[in-house]
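Everything on this sheet refers to the single structure shown next.
In this note's numbering, the protein residues as written are 2 to 637.
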């Protein structure tokens with residue numbers, strides 16, 4: 002019988018899997034959701050064809066799902082058992098485990114899945130539906146029992162699963178659900194096209210969820226490209242010199258040595274980007290200002306300028322970068338860069354050079370311009386008067402402008418805004434979200450905001466905003482924020498919000514943040530998220546972090562390699578780098594060894610060079626690099 006998108010690995014240990022699956026049911030799902038209904042099977046619901054949710058799928062994400070699915074396979078059941086019985090799983094992990102049941106043929110799989118269908122909801126219910134559709138023979142009576150669906154609109158997943166099954170009787174059922182021009186009709190057509198030719202088929206939300214489910218299952222319990230995902234993922238990261246350079250530059254830049262600043266300047270000139278800008282602003286402010294002010298160097302695109310402005314705005318010494326901000330406001334710059342630089346200048350107290358631009362923003366016809374201008378005024382330490390905010394406190398004002406004005410007033414005169422903010426948080430659904438966003442944005446400005454953030458009924462907020470609320474509370478030393486941050490990271494929060502959650506969790510629970518960072522590194526998609534996770538692990542000297550640091554020593558990017566060497570020496574001593582030179586990777590070239598020698602000479606000086614010379618000949622690349630490094634360190 003046909004099966005779409007399956008690559009089964011059949012095992013011979015049915016008894017072992019029976020124990021495992023019963024444990025899954027007992028441990029992972031006991032007491033969840035609704036009880037299984039004893040009513041006779043009912044056919045699929047009608048009348049929901051227009052209510053089915055089928056939002057568009059991002060094209061790049063869809064292509065990635067298709068590419069990933071080609072490489073998936075699943076292990077024999079004896080290797081799968083530990084994954085099933087592990088307690089404390091998240092909904093995503095449980096869903097992956099449920100789906101994997103269908104990839105290991107055993108007599109008990111149908112019984113377990115039938116028991117779960119009607120008890121679980123969300124991701125786990127979706128997993129049950131697609132797992133049932135993978136079984137042979139197809140349990141059609143179970144799949145079409147609408148009494149088991151948590152909500153009728155889950156029929157979109159049932160219809161997709163029936164089409165993917167290839168079962169003739171299932172196709173007859175699908176025909177009765179076909180309503181052309183409706184969301185459900187579109188879902189069914191997409192599934193049929195997918196079966197015919199996945200490469201040319203249109204995407205659908207149910208198909209995307211199905212492919213994501215398979216990907217999650219294979220990463221956790223199966224194989225990707227014939228090997229465990231953990232091993233493959235770490236190998237891929239260690240082979241990505243650009244990613245490793247972005248990982249190590251901010252860490253190595255912290256090491257206070259003259260040559261560290263030289264290597265950071267070299268990194269800035271050779272591969273400018275977010276990581277390099279943040280490190281340069283933090284560690285070499287004066288030379289960076291001189292470079293831009295003299296015209297010897299500056300960002301080469303509006304996108305790069307915005308990254309640099311991000312780093313300057315986040316710095317505690319923003320006013321010290323006045324010349325850079327001034328250069329960014331000149332007439333030859335991109336308009337968005339000029340406006341952004343003027344707002345950062347105004348907020349930093351550099352009012353003279355930015356006042357006119359901020360006034361123009363406040364008077365603009367564009368709402369987003371007015372918001373940008375008012376944020377600059379609200380953030381400025383030189384604006385004490387409340388008059389500028391009063392027009393925005395009136396009813397009927399744009400909620401985001403009103404929120405900015407309320408929080409700015411609160412920080413300057415708490416008695417004049419606290420009650421209005423509490424009322425907005427408790428009773429105004431339109432104002433509530435922008436108000437919480439502004440409280441979070443300004444949370445570092447004053448601890449007086451903490452009680453108001455706590456009062457914001459976090460559970461009712463959009464998911465990403467709730468994570469940012471807990472991150473803000475963690476930064477304000479609210480210990481209770483650690484648990485929900487861990488839960489959010491376990492659920493798979495990704496991207497910049499995930500990065501902020503990791504950094505906040507690091508402030509309150511070092512053990513928990515290491516566990517979360519390992520998961521983020523293995524399963525995260527967004528580079529900003531995985532980089533933060535990796536830096537946490539390197540800083541904590543976690544085994545994965547140590548492995549990444551050692552690999553970063555050998556990147557072909559010279560300044561990144563030197564910064565990695567300096568960080569390793571600062572953490573573990575000069576002998577750690579000597580050991581790396583004594584046992585280089587098999588693929589290391591002479592120039593790679595010479596870079597390691599350069600770092601040894603910079604840090605160890607002529608004393609170390611003389612010691613190396615006793616055991617290495619003059620043509621040895623490590624010794625050659627060490628001579629250069631020692632000479633360079635003496636000229637600084």
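Every residue, glycine too, gets a C-beta built ideally from N, C-alpha and C.
Within its chain, find whatever has a CB closer than 7 Å to the CB of residue 327; leave out the 5 residues flanking it on each side and keep chain order.
-> Same-chain partners within the cutoff: 354.
Residues sharing a beta bridge with residue 533, DSSP: Bridge pairing for residue 533: absent [DSSP].
Practice prompt. Taking 9 Å as the cut-off, decide whether the C-beta atoms of residue 118 and residue 143 are in contact.
Written response: Closer than 9 Å, so yes.
Q) For residue 635 versus residue 605, is the C-beta spacing smaller than 9 Å? A) Contact annotation: residue 635 and residue 605 have beta-carbon atoms that are not nearer than 9 Å.
* So residue 471 is in the alpha helix (DSSP H); what residue range does that whole segment cover? -> It spans 464-476 - the alpha helix (DSSP H) in which residue 471 sits, taken as one unbroken run.
Practice item. Quick one: residues in its chain with C-beta nearer than 7 Å to the C-beta of residue 231, no 5 flanking neighbours on either side, listed in chain order? Key: Answer for residue 231: 523, listed in chain order.
(message) Using only CA atoms, which one of 208, 335, 198 lies nearest to residue 56?
(response) Ranking 208, 335, 198 by Cα distance to residue 56 puts 208 first.
- residue 485 versus residue 291 - alpha carbon distance: Computed Cα separation, rounded: 44 Å.
Quiz item: Fully enclosed by the region 488-556, which alpha helix (DSSP H) runs are 4 residues long or longer?
Solution: If we require 4 residues or more, the alpha helix (DSSP H) runs fully inside the region 488-556 come out as 496-509, 511-524, 528-540, 544-553.
* Asked: Out of curiosity, what's the CA-to-CA distance linking residue 242 and residue 515?
  -> Rounded to the nearest angstrom, the two C-alpha atoms are 23 Å apart.
Item to complete: Assess, as a yes-or-no matter, whether the region 494-514 is touched by the region 463-475 under the definition of 3 or more beta carbon pairs within less than 8 Å.
Response: Contact between the region 463-475 and the region 494-514 is present, because at least three Cβ pairs lie under 8 Å.
Next on the checklist: Does residue 225 come out as helix, strand or coil in the three-state DSSP assignment?
Outcome noted: Correct three-state label for residue 225: strand.
| request: With DSSP as the reference, label residue 411 as helix, strand or coil. | output: Under the three-state reduction of DSSP output, residue 411 falls in the helix class.
Notebook entry, point to check: Just curious, the alpha helix (DSSP H) that residue 69 is in, first and last residue?
Noted result: It spans 60-70 - the alpha helix (DSSP H) in which residue 69 sits, taken as one unbroken run.
Whole angstroms are fine: how far does the CA of residue 542 sit from the CA of residue 233?
About 21 Å.
* To do: Label residue 602 either buried or exposed according to how many other C-beta atoms from any shown protein chain fall within 10 Å of its C-beta, with 16 as the threshold for buried.
  => Buried is the call here.
Should residue 592 be labelled buried (16 or more other beta-carbon atoms within 10 Å of its own) or exposed? Exposed, since its Cβ has fewer than 16 Cβ neighbours within 10 Å.
Exercise. Could you have a look at residue 381 and say whether DSSP puts it in helix, strand or coil?
Key: Look at residue 381 here: in three-state DSSP terms it is coil, with no helix or strand label.
In the DSSP assignment, what residue or residues form a beta bridge with residue 326? Answer by DSSP bridge pairing: none, since residue 326 is not bridged.
Original post:
Hey, quick one: how far does the alpha helix (DSSP H) through residue 568 stretch, first residue to last?
Top reply: Segment 559-573, the alpha helix (DSSP H) holding residue 568.
Contacting residues, own chain, Cβ-Cβ under 8 Å from residue 130 (five flanking each side not counted): Same-chain partners within the cutoff: 118, 144, 155, 158, 159, 162.
>> For residue 432 and residue 368, I'd like the C-alpha separation in whole angstroms.
In response: Note on geometry: alpha-carbon atoms of residue 432 and residue 368 lie some 16 Å from one another.
From what residue to what residue does the alpha helix (DSSP H) around residue 285 run? Under the DSSP assignment, residue 285 falls outside any alpha helix (DSSP H); it carries neither an H nor an E label.
### Proximity winner among 74, 304, 73, 123, relative to residue 492 (alpha-carbon distances)
It is 123 whose Cα lies nearest to the Cα of residue 492.
Where does residue 177 land, buried or exposed, given buried means 16+ other C-beta within 10 angstroms? The residue in question, residue 177, is exposed, as its Cβ has fewer than 16 Cβ neighbours within 10 Å.
According to the Cβ coordinates, are residue 96 and residue 127 closer than 9 Å? One thing to note: residue 96 has its Cβ within 9 Å of the Cβ of residue 127.
Checklist entry - Once you ignore the five residues that flank residue 38 on each side, which residues in its own chain have a CB closer than 7 Å to its CB? => result In this prediction, residue 38 scores a pLDDT of 33, lower than 50, which makes its location untrustworthy; no coordinate-derived value is stated.
Note to self: Distance check for residue 173 and residue 187, CA to CA, integer angstroms please.
What the structure shows: So the alpha carbons of these two residues sit roughly 17 Å apart.
**Request:** Using the Cα positions of residue 365 and residue 389, report the straight-line distance between them to the nearest angstrom.
**Result:** Those two C-alpha atoms are separated by around 15 Å.
>> At the level of alpha carbons, what is the spacing between residue 554 and residue 495?
In response: Distance between the alpha carbons of residue 554 and residue 495 is about 28 Å.
Exercise. How would you write the range of the alpha helix (DSSP H) that residue 174 sits in, first residue to last?
Worked result: Secondary structure note for residue 174: its alpha helix (DSSP H) is the uninterrupted segment 169-178.
Worksheet entry | Enclosing alpha helix (DSSP H) for residue 1 [first to last residue] | Nothing can be reported for residue 1: it is not among the residues displayed for the chain, which extend from 2 to 637.
Quick check on this structure: which residue in 631, 535, 322 has the alpha carbon closest to the alpha carbon of residue 350?
Distance from the Cα of residue 350 is smallest, within the candidate group 631, 535, 322, for 322.
- Which residue's Cα is closest to the Cα of residue 410: 347, 429, 439, 283? For residue 410, the closest of 347, 429, 439, 283 by C-alpha to C-alpha distance is 439.
Worksheet item: Span of the alpha helix (DSSP H) holding residue 184?
Response: Run containing residue 184: 184-197, per the alpha helix (DSSP H) assignment.
- prompt: Quick one: what does DSSP say residue 73 is sitting in, helix, strand or coil?
  reply: Strand.
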